[in-house]
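These notes are about the structure you will find just below.
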Amino acid sequence: MRYLTFILLVACPAFAEDDPAPKITFDEHVQPILRQKCAACHNPDKRSGDLDMSNYTNLMQGGGSGAVIEPGDSSSSYLYMLVTHEEEPTMPPESPKIADDLLATIREWIDGGALENASSESTVARRKKKVMAASSIGERPENVALPGRMDLEPFAPTSSRGAINQLATSPWGPLAAIASHKQVLLYRTDTTELTGILPFPEGLPHALRFSRDGALLLAGGGQGASHGRVVVWDVRSGERIWEIGDELDTVLAADVSADLSQISLGSPQRVVRTYNTETGELIREIRKHTEWITALAYSPDGVLLATADRNGGLNIWETHTGREYLTLGGHGGAITGLSWRADSNVLASCGEDGAVRLWEMENGNQVKTFTAHGGGTTSVEFTRDGRLVSAGRDRTVKLWQSDGTNLQTFEALADLALGVTFCDETNRVIGADWSGEIRVYNAVDGNRIAQLEANPPTLATQFELAQAQLDQQLVSHNPLQTRFDELTNQRQSLTDNVKQNDTTVAELQQQIASSQKVVNKLRQEIDSENVAKTEAAFTITSIEVSLDDLKRAAASARAAADTSPEDNDLAKVVTELEQLVQQRNDRMEKAREQAGQIEETLPEKDKLLAGAQQEVEQRSTELAAATARQAQLSTELATAETNLTELTPQLDTSRQTLEQLQASVSRWQNEIEFSRQLAGLRQRRAEAQQATYEAETTLDQLQEDAKQAANRLDEKQQALDDVKRELAALQEIK
Amino acid sequence: MWGGLGWRTPSNESLGAEAFSDSPGTLQFELADEIKVTKIKMERQRAVHSRVGRLFWPALLISCLLILGQTNSTLLAEDAQPTNIRVFPSEIRLTNDRDRQSLLVQAVYADGITRDVTDEVLLVVEPTELARREGRMLYPAADGEGSLQVQFGELQETVAISVAGSQHHPPISFKLDVMPVFMKSGCNTGSCHGASRGKDGFRLSLFGFDPDGDYHRLTREISLRRINLAAPEESLMLNKATGAVTHTGGKRFESDSEYYATLLEWLQARAPADEGEVPTVTSLKLSPPDAVLEGEGNQHHVTVRALYSDGSDRDVTSLAYFLSNNENSAVIDQEGVVTAGKRGEAFIMARFDTHTVGSQFIVMPADAEFAWQDIPENNYVDTLLYEKFRKLRIQPSDVCTDEEFLRRATLDIAGVLPSPEEFSEFMQSEDPNKRAQLVDRLLDRKEFVELWVMKWAELLQIRSSQQVSYKSTLLYFNWLQERISSNVPIDKMVHELLTSSGGTFANPPTNYYETERDVLKTSENVAQVFMGMRIQCAQCHNHPFDRWTMDDYYSFAAFFARVGRKNAEDPRERIVFSQDGGDVNHPVGGRVMAPKFLGGDTPDLEGQDRRESVASWLVSPDNPYFARNLANIVWAHFFGRGIVHEVDDVRVSNPPVSVELLDELASRMISYGYDFKQFVRDVCNSRIYQLSTQTNPTNEGDLTNFSHAALRRIRAEVLLDAITQVTDTKDKFRGLPLGARAVQIADGNTATYFLTTFGRATRQTVCSCEVKAEPNLSQALHLLNGETIQQKVQAGNLVGKRLEEGKTPHEILDEIYQRCVCRHPTEAEFSKLDEWLAETDDPKLLLEDSFWAMLNSREFIFNH
């Protein structure tokens, strides 16, 4: 920020006149405060806590508990933590806190490099401790352990869900474990599906950890003020492999060492007990804590064990010797969570004082402290790449850079956020709260992806539920289908009707055409007959007009010829004339006949014509009706089509749902069947084991009997030998 | 001889142990000096005789009567008709399906005896469908109005019933339903989870002063431990409470109990917090208000009803916490059933929420034959206490002898012993009013004022310290002395004291604010000294046995939040002034508290000195505690025991012996204008004050009702002065001339070994317990072996002087007796002296031994 200011000042000559941001220095600003508030005890004469705060040199030298000022980092400066009452013993003792503005001055002074005077140069850049990036993330196993097919029958189904505070993710697989009432739920983090349920009849698990290779899952818990133990399952098979410990209260914290050789656990009994996993024997007890053990964790490299208590006590031990390595004082309230960075160099702790503290393991210094959640931080976890996730009483789940930069604050939960875990495989964060809500968030964009169930119902319930849903779906689906069928039928019939109508129209048109043809022909015929009639009449008339003259000429000629028979020419003319007359007469007669004929047929024809015309008209009317119907049918058909188009996606969706539900129903049926078979198999195995055990016992017994019999035989033999010897001796004497 | 006389008879055991038992009556008989042996024997015989003489015949008579009486009383019990019956509650309102009301019917008989007849009465609900009855309990059945008719013999009472919401099932409320279970089951007491650091990791607020905090701690402090939402019945809080898992506090209730059901239902509803305004309890009523039980083992139920701010009421008998202040006479179990024990009275209390209420239960033996014998009443004190005696069937003792009265009154009023001259004068006077005259004379003596200056100096903690210089102390003491000797009324004096401003030299009463600079402690002291109330409890939690809540406490403290202090020129002086700023914040939530009088109003104090306001209220008649407290303090001085005992422990659960008497005394105190002398006159002239320590069969068990005089060890200063007086010696105390009396010591810091041993107040606190009057072994050893007595007997050389004057041993012994125990020696005592005189050749040593023995006698160091 100061650099920025500097750049701005250089860049803007207009502002260059103004004073630069004043340097906060010891001599000018801080010493007066310390003189007034602290020097009564921390002076060269009294040196309370071996600390003299009256001058810069002595202050920077620190006191009995080491340096009290960490230039550049107020949150790592012991003095600042004490005067702000973030750590005990609060300073000044038995007095109210120093005024906020004075504290701000001290903070700015430290953060500004704890300069002695205006001419001092900051050494922060050189000295500032950094949270170095993680150097290793461990080794990915060749075969990542994921659960095989497991019984999904809940071990302890409850109608109401309890608070969830223990979540864990497999270091190498898309798998999350969730501690629920008397069982541990395994969820796939990629599909968010329930993939297994591990029974924990001991009670409520209060500690949940995957082994470093992800092959084992550990849960510690029990019943408050009654009993507690740790259970370890094989993640692949879900079989219990170890049961460790016998506390008189519930186990609150537990972990398994990296080499799986030992398990440590802690409870309200205030003792950390370490057990050998192979023999189940107690290796050692740590009795240093004065309050409930609330958290413990082995370092991923297996070298160290961190244990924490309800009083803020935090200790680091050597895993294999149990020797104390470090005592890390700092938390002002109960410690609620511990998490090691993958390279084992940094430990994160969180507590009810709200702080997340990062400790380096060389000297046990606090390399970073930040208040993650006001009111208390309930859970913290390192990601594989050295980021952190935390949950707290402010109902939120947060993702942090290792330097305390907040990367993501996820959508708040319904109640106190109690547990958080980060799935490195899917880059997802899972958070859970007091009300039992479990949410999966995308760490990249912060969106909520899914919600996990804290109390999955029984398979029977799932089945019934699916069945009920199916039935429910059917209730809405069936009418849809019916309607769809109706509409389809309707469309079919409409289409048929249209087709039929079209045929009718065509037929009608044809009929009309043919009738029209008849009409036309008749009209033609009538017309031609009328022409013929007219012609005939004309012929007749024209013949009649000339015929008499001709007859008279023929008669005259005849007469002439008769008179002049020899006149051949004449005779010929006479003949010709007569012939002509004949011809004409014939023609007239013929015409007359023809006319007569026409007269006779014409009415007939007219009648035919009228009939044909009527026919045409009737057909035309019919055609009009048919055409009208055609239009109507088209509309109806279009409506039907529209309806169908509309209904189809609905139906498709419904059908899809239906299919899913059907699948679901069959899935649960399947699961039930699987569960039943599994139970049967388990039963059989148990019986077999029992039988084996009994057989072994019997065998042992028999062997024992045989041995005894042999012994008795030996004894008898011995006795016999003795008797014989005696006898021999007696006989000898005799 | 010396050894034989002194050492064989150490009275340390009896002084240390028996005297502690405060047993009345027989002090004289048990003086263990050998000188007294004969006397003791004689006295014993006399006592036996007198007892027989007085009681034998009546006893015979009574036993004869008893045979008749028993038959009679049985007959009477069966036949006797009560004069009336009382039905509790007086109206029944059932408002939801959880609601119910327990009934109580009490029959009152003519002789005052009461009997719980609930199980014997005929109860009829009209209309019948309204409510269902199971035993003593009424449950709602259908909505409507109606009545409950109660019939017992020929007596009949009717109580109205209204039922509404009989179908309404309200959800369990954390504050209204769950919190009372913790209280009733004792979860949040100081010895359990109510301790400031909780118990076994779990803390509840003490007596539930912080329900929101309790809700948080129970549900969310350690999520998943105390409650289990998934399986409510497996919640640790239930498992612990029912003893299903190990619980340091053991089993608190059964899993089939109502308490369990309440908690479970709440958990099943997912342990919800209360939303919105939750009604608060405005008052609590315990029924019956009083009862007189006859016969050991007789039982009587009680019912408790709470009224809420929303106008609703509720039968909280099952949720109230019951206790008795005298389990010897009446015990109450947590179901609310009182069982009579030995004769006596007990205050039965019920606590619910922040309220404590009580009822008076008197227990009489079944076969008690009692006839009140009329005795004179000197004044109202007698009248009021006789009423109580009649109720308790107690006949007070006879009046004490003149010798006893002279010694008693002189010691009590003036803090000195009567001189032989005064003794002779008083004994010879034939005036029937000589006792009253004596009181008047004594009240006019300066020693009376000195005694009360000392008492006030104790209450005001006049004591030099790092904060208060010796000079301030002296000025302060002088101021007090001046005020009391000039008879300034106490109310004026207290007002001046509390409102004082200025330099601690210039205006000495300002030292009051220097002695205690803490705002809270100042307000506590004001309450304790001037009102007799210990409100300290309410600093951290609501007072468990009184009405005071944290709100009351901090509101009252706010009056003293604006006292400013600065240095004066003289480094030993400080200046006290009223400043404009300064407030008191409530520790739960940090609210600024407006000044509010204890049990009174919230005055408008804009621009006013808050101290002026509180001082005016304190001494005004509006404040019911001030005058009562003063009256009680004075009373306690004269009787060794307050009407409310301890005098600075006024609370609901510590009722006065007689409310009427205390009220009357208080109103007299006010009407006399806080004139102490007039008031003391009333007290000392009463017959009650003049009663003998000798008991009779009816009052021998009574230790509280003033039916006989109590034996009181003389307090340290007065005792030392008395020893000095009778041995004719002088003492020297810091800042006082030679021969001054211990009573006159100004500074609480000044003390001698004698004064410390005998429990002089160090004035480091305002507690009445500062003055220790309990005898103990070191006192006895100091008297026997310590230098005080032996030295003083030698130094005063009384015996020597008298022998020189030619007095006979008899005369000298007589004077010793008069000086020390205000009487003549008995014949036996004389003859014992003669016996020893015959054996010795050193009468001086013998007489000095006698003197020494007398000073070691209990008759001397006790006021009787």
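Same order as they appear, the protein sequences are chains A and B. Taking my numbering, the leading residue of the first sequence gets 1438, the next gets one more, and so forth. Taking my numbering, the leading residue of the second sequence gets 12, the next gets one more, and so forth. Note that the Cβ used here is the ideal one computed from N, Cα and C, for glycine as well.
Does the distance between the C-beta of residue i and the nearest non-hydrogen atom of the ligand ADP fall short of 7 Å?
i         : result
B:Asn-716 : Annotation note on the ligand ADP: not contained in the displayed structure, which lists no ligands.
What residues are listed by DSSP as bridge partners for residue i?
i          : result
A:Cys-1787 : A:Gly-1774 and A:Val-1793
B:Pro-151  : B:Ala-142
A:Gly-1703 : A:Ala-1690
B:Pro-666  : In DSSP, B:Pro-666 forms no bridge with anything.
A:Tyr-1712 : A:Ile-1700 and A:Leu-1719
B:Val-464  : Answer is none; B:Val-464 lacks a bridge partner.
B:Tyr-319  : B:Val-292
B:His-311  : B:Val-349
B:His-821  : Its beta-bridge partners do not exist; DSSP assigns none.
Can you find the residues in the same chain that come closer than 7 Å, C-beta to C-beta, to residue i, ignoring five residues on each side of it along the sequence?
i          : result
B:Arg-679  : Phe-690 and Asp-693
A:Asn-1934 : Leu-2070
Nearest-angstrom Cα distance between residue i and residue j?
i          : j          : result
A:Gln-1838 : A:Leu-2095 : 46 Å
B:Leu-794  : B:Asp-742  : 17 Å
A:Arg-1472 : A:Ile-1506 : 16 Å
B:Val-625  : B:His-366  : 25 Å
B:Ser-246  : A:Ala-1600 : 12 Å
A:Glu-1576 : A:Ser-1607 : 13 Å
A:Ser-1512 : A:Gly-1767 : 11 Å
B:Met-194  : B:Phe-649  : 40 Å
B:Thr-706  : B:Ile-699  : 13 Å
B:Gly-817  : B:Ala-806  : 19 Å
B:Thr-521  : B:Leu-486  : 11 Å
A:Ile-1772 : A:Thr-1731 : 7 Å
Grab me the residues of residue i's own chain with a C-beta within less than 6 Å of its C-beta, minus the 5 sequence neighbours each way, in chain order.
i          : result
A:Glu-2169 : none
Can you list, in chain order, the residues of its chain with a C-beta nearer than 8 Å to that of residue i? Leave out the 5 residues immediately preceding and following it.
i          : result
B:Leu-824  : Pro-836, Glu-840, Phe-841, Leu-844, Leu-858 and Ser-861
B:Ile-681  : Pro-632 and Ala-638
A:Pro-1526 : Leu-1519
A:Glu-1718 : Tyr-1712
A:His-1664 : Glu-1639, Gly-1640, Asp-1683, Glu-1684, Leu-1685, Asp-1686 and Thr-1687
B:Leu-731  : Asp-742, Ala-753, Thr-763, Phe-765, Leu-766, Phe-769 and Thr-799
Quick test of your reading: residue i and residue j, contact by CB under 8 Å. State the CB separation rounded to the nearest angstrom.
i          : j          : result
B:Thr-799  : B:Ile-872  : About 12 Å separates the two Cβ atoms, so there is no contact after all.
B:Arg-774  : B:Arg-474  : 4 Å
A:Thr-1591 : A:Ile-1634 : One point to set straight first is that residue 1591 of chain A is Pro, not Thr, in the sequence displayed. So it is a contact: roughly 6 Å between Cβ atoms.
May I ask you to report which of helix, strand or coil DSSP gives residue i?
i          : result
A:Gly-1678 : The sequence shown places Ile at residue 1678 of chain A, rather than the Gly named in the question. In the structure shown, A:Ile-1678 sits in a strand (DSSP, three-state: E or B).
B:Tyr-685  : coil
A:Asn-1938 : helix
B:Glu-168  : strand
B:His-835  : coil
B:Ser-627  : helix
A:His-1466 : helix
B:Lys-50   : With a pLDDT of only 41 at B:Lys-50, under 50, the local geometry of the prediction cannot be trusted, and the value read off the model is given with reservation. B:Lys-50: helix per DSSP, three-state reduction.
B:Ile-124  : coil
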